[in-house]
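Heads up: the sequence lines are chains A and B, in that order. Okay, so the first sequence: first residue is 1 according to the UniProt record's numbering, each after it adds one. Okay, so the second sequence: first residue is 1 according to the UniProt record's numbering, each after it adds one. Comments concern the structure below.
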Amino acid sequence: MVKEKTHVNVVIIGHVDSGKSTTTGHLVYKCGGVDQRRLEKFEKAAAEMGKSSFKFAWVLDKLKAERERGMTIDISLLKFNTQRYSMTIIDAPGHRDFIKNMITGTSQADVALLVVSAAKGEYEAGVSRSGQTREHALLAYTLGVKQIIVCVNKMDLTEPPFSQKRFEEVVRGVTGFLKKIGYETGTVPFVPISGWTGENMITATQKMPWFQGWKSRRREGNASGRTLLEVLDSIQPPVRTINKPLRLPLQDVYKIGGVGTVPVGKIETGVLKPGMTLMFSPAKITAEVKSIEMHHQGMEQGLPGHNVGFNIKNVAVKNLRRGDVAGNAQQDPPTDVSSFEAQVIILNHPGKVKAGYSPVLDCHTAHVTCRFAELKEKIDRRTGNKVEDDPQLLISGDAATVKMIPIKPMCVESFFSYPSLGRFAARDLKQTVAVGVIKSVVKEQGSKLKA
Amino acid sequence: MGFGDLRSARLRLKVLNGFLSERSYIEGYVPSQADVAVFDSLSGAPSADLVHVLRCLPGVKKPLGGGRRRRHRPVRSDEEEDEEAERLKEERLAQYAAKKSKKPTIIAKSSLLLDVKPWDDETDMKQLEALVRSISMEGLLWGQSKLLPVGYGIQKLQINCVIEDDKVGTDMLEEQITAFEDFVQSMDVAAFNKI
Numbered sequence: 001m002v003k004e005k006t007h008v009n010v011v012i013i014g015h016v017d018s019g020k021s022t023t024t025g026h027l028v029y030k031c032g033g034v035d036q037r038r039l040e041k042f043e044k045a046a047a048e049m050g051k052s053s054f055k056f057a058w059v060l061d062k063l064k065a066e067r068e069r070g071m072t073i074d075i076s077l078l079k080f081n082t083q084r085y086s087m088t089i090i091d092a093p094g095h096r097d098f099i100k101n102m103i104t105g106t107s108q109a110d111v112a113l114l115v116v117s118a119a120k121g122e123y124e125a126g127v128s129r130s131g132q133t134r135e136h137a138l139l140a141y142t143l144g145v146k147q148i149i150v151c152v153n154k155m156d157l158t159e160p161p162f163s164q165k166r167f168e169e170v171v172r173g174v175t176g177f178l179k180k181i182g183y184e185t186g187t188v189p190f191v192p193i194s195g196w197t198g199e200n201m202i203t204a205t206q207k208m209p210w211f212q213g214w215k216s217r218r219r220e221g222n223a224s225g226r227t228l229l230e231v232l233d234s235i236q237p238p239v240r241t242i243n244k245p246l247r248l249p250l251q252d253v254y255k256i257g258g259v260g261t262v263p264v265g266k267i268e269t270g271v272l273k274p275g276m277t278l279m280f281s282p283a284k285i286t287a288e289v290k291s292i293e294m295h296h297q298g299m300e301q302g303l304p305g306h307n308v309g310f311n312i313k314n315v316a317v318k319n320l321r322r323g324d325v326a327g328n329a330q331q332d333p334p335t336d337v338s339s340f341e342a343q344v345i346i347l348n349h350p351g352k353v354k355a356g357y358s359p360v361l362d363c364h365t366a367h368v369t370c371r372f373a374e375l376k377e378k379i380d381r382r383t384g385n386k387v388e389d390d391p392q393l394l395i396s397g398d399a400a401t402v403k404m405i406p407i408k409p410m411c412v413e414s415f416f417s418y419p420s421l422g423r424f425a426a427r428d429l430k431q432t433v434a435v436g437v438i439k440s441v442v443k444e445q446g447s448k449l450k451a
Numbered sequence: 001m002g003f004g005d006l007r008s009a010r011l012r013l014k015v016l017n018g019f020l021s022e023r024s025y026i027e028g029y030v031p032s033q034a035d036v037a038v039f040d041s042l043s044g045a046p047s048a049d050l051v052h053v054l055r056c057l058p059g060v061k062k063p064l065g066g067g068r069r070r071r072h073r074p075v076r077s078d079e080e081e082d083e084e085a086e087r088l089k090e091e092r093l094a095q096y097a098a099k100k101s102k103k104p105t106i107i108a109k110s111s112l113l114l115d116v117k118p119w120d121d122e123t124d125m126k127q128l129e130a131l132v133r134s135i136s137m138e139g140l141l142w143g144q145s146k147l148l149p150v151g152y153g154i155q156k157l158q159i160n161c162v163i164e165d166d167k168v169g170t171d172m173l174e175e176q177i178t179a180f181e182d183f184v185q186s187m188d189v190a191a192f193n194k195i
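This is how it looks when you write it as structure tokens:
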């Protein structure tokens, strides 16, 4: 049996004109993301129309048109393979609801790929204050996506084409702003590419002889190479969380005739096995797992990343709901929290945020109103250093440590212990007004502070 | 603000030095005509003990004679470089804006893949799908769908849709889909991509 490749989610960020969709398309098209039959059909059509020299562009256009009509589910998921990994691309849209989805969604990004255009004027516009690039990169960093790759795109459109000077100018500028966000820029590989003509995408180009290759200095070992595909293949695999205690936030709870109660959710950490006694929080219910199924197949164990259904004994459907978290009753069972301390960044709030502000928090599958009980300190987003004690108010762009109190029982964890249960989006006025990561929680029973 | 004819008396220079010990400019916080006027009235280089006068000189963009000029050149050429870079940046941005305005505005769209979950294994999934597809709003286009097995006979509807970013939000969709409460337990976004 062929060993299954490790799965990695890559979020692609960049300005509208950075050419990120073309770059994405190139990877997907060249690395096995489009099924062979459809590809052959398109290529044949392109040849018939005398477009074989623009085949790539033409095929990309067709694929985009297909996606625009929503016709095929398979190409709405952008997948491709490197030697070591099976990758899914999240091509970050500018949509206002995307940020919330990036935080609570089912596919968490492991790596960010920042695409910057080197073309005249486009680089300048892309990194300007109003550009989305900074916001997305900042969010990726805040939410724990610590691996970032930079593609300096459209090298064929610099003046003169494939200009080393322009590449270096862009690298200097981007390094500056990544450093401000908090990235260790020595670890960040920069690759000059053209997503359109394919330079340095899959194979190394001859057109930029000055390019000595990209480098990444990491604690885990250095990496270097010439192409984007090599960079993607060299990333650190996502950390396996199999050895941690079980955390499984419930998406749905079903009542199945002849079976009983079946909760369904994605295993974030740990292992789920039949016979295990589970604790549900904040429901405060324990139950034994009778069996587990995924895609209608029975399983001996469920692992992190698996979306599973499981059958439990002696619990009525009405006692459990979406937002409850299941864990092993014998190993650090989940509990609800009376309060927690979070580092938040105010994003799109039109006014001022003061103590008492109560937006709805989306954290894993839970959806609970929480009060900003105490604005403890305002901090420098980059360094995490304190800049002001007990601020009176916060405005868009501010970062702060805030004590928050859920208005009804809720189970969350510190980001450090259980990342996906420790990040949230705060929603108000149909917008994401803030994002945050939880630093510590105060558990309901006893007031033991858990780091 | 004047300090008399500064050439006439070393004393007056000392006054100026004292005045500048707490300030960077003669008036306000940026160089102004007042600085130029005062420093114009100086003759030659102030002596080395008048540290505050010396300190303030580079801040006033006014050539002040041979010796000092050389000393301040690095500062000045940096400024020129910055100005040059700034000018270049502005120019490129302007060209970008001009090019952009000629391009037809592309309507930003996203592709969503939604998971719609029923209550149990007996929910009529055909009916559920028909209800979901009955939702119509400007900027929303339903695409292909399929039923995926979850477990224990439960299936979920996975449906693709294309939305115009400015017109349709995921909250709106979730609200309308979960409003079919006899059929739908919950909705999740399985994939969210730019088109």
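Glycine is no exception: its CB is placed at the ideal position from the N, C-alpha and C atoms.
- In this structure, the CA atom of A/Pro359 is about 6 Å from the CA atom of A/Cys370.
- The beta-carbon of A/Leu78 is placed less than 8 Å from the nearest beta-carbon of chain B.
- Taking CB atoms only, B/Phe180 has no neighbour in chain A less than 8 Å away.
- Just measuring C-alpha positions, the residue of A/Glu444, A/Gly221, A/Lys165, A/Ser396 sitting nearest A/Ile407 is A/Glu444.
- Per DSSP, the continuous beta strand (DSSP E) segment holding A/Lys439 begins and ends at 431-443.
- In the DSSP assignment, A/Thr133 falls outside any beta strand (DSSP E) and within the unbroken alpha helix (DSSP H) covering 132-142.
- Within chain B, not a single residue places a beta-carbon under 7 Å from that of A/Lys290; the smallest gap is close to 11 Å.
- Under the Cβ distance rule, A/Ala125 counts among the residues neighbouring chain B, one pair being separated by less than 8 Å.
- For A/Glu43, the enclosing alpha helix (DSSP H) covers residues 36-48.
- Among the CB atoms of chain A, one or more fall inside 8 Å of the CB of B/Gly143.
- Within the model, the alpha-carbon separation for A/Gly270 versus A/Gln36 is close to 37 Å.
- Taking 8 Å as the threshold, the shortest C-beta distance from B/Asp82 to chain A does not fall below it.
- Listed along the chain, the chain B residues whose CB falls inside 9 Å of the CB of A/Gly105 are Asp188, Val189, Ala190, Ala191, Phe192.
- Contact between A/Val188 and A/Val150 holds, since their C-beta atoms are separated by about 6 Å, short of 8 Å.
- B/Gln127 sits close to B/Phe183, with the two beta carbons spaced by under 8 Å.
- Taken through DSSP and simplified to helix, strand or coil, A/Val127 comes out as coil.
- For A/Asn311, the chain B residues whose C-beta falls within less than 8 Å of its own C-beta are Tyr152, listed in chain order.
- For A/Gln251, at least one C-beta of chain B is nearer than 8 Å to its own C-beta.
- A direct Cα-Cα distance of roughly 43 Å separates A/Pro263 from A/Pro391.
- The C-alpha of A/Gly94 lies about 46 Å from the C-alpha of A/Asn314.
- Per DSSP, A/Leu303 is not a residue of any beta strand (DSSP E), being assigned neither H nor E.
- Residues of chain B with a Cβ closer than 9 Å to the Cβ of A/Thr72 are, in chain order, Gly143, Gln144, Asn160.
- Beta-bridge annotation (DSSP): A/Thr401 is paired with A/Gln343, A/Glu377.
- Judged by DSSP secondary structure, B/Arg133 falls within the alpha helix (DSSP H) whose first and last residues are 125-134.
- Here DSSP, grouped into helix, strand and coil, assigns A/Thr187 to helix.
- Rounded to the nearest whole angstrom, the CA to CA distance from B/Ile154 to A/Arg172 is 54 Å.
- Taking CB atoms only, A/Arg226 has no neighbour in chain B less than 8 Å away.
- Burial is judged here by how many other beta carbons sit within 10 angstroms of a residue's own beta carbon; A/Ile345 has at least 16 and is buried.
- Residues of the same chain with a CB within less than 7 Å of the CB of A/Gln330, apart from the 5 flanking positions on each side, are Thr277 in chain order.
- Taking 8 Å as the CB threshold, B/Ser136 stays off the interface with chain A.
- Of all alpha-carbon atoms in B/Leu147, B/Ser111, B/Leu131, B/Asp120, the one lying nearest the alpha-carbon of B/Val168 is that of B/Ser111.
- When only Cα atoms are considered, B/Asp120 and A/Leu143 end up about 35 Å apart.
- B/Tyr96 sits in a helix when the DSSP states are folded into three classes.
- DSSP, reduced to helix, strand and coil, places A/Val368 within a strand of the structure shown.
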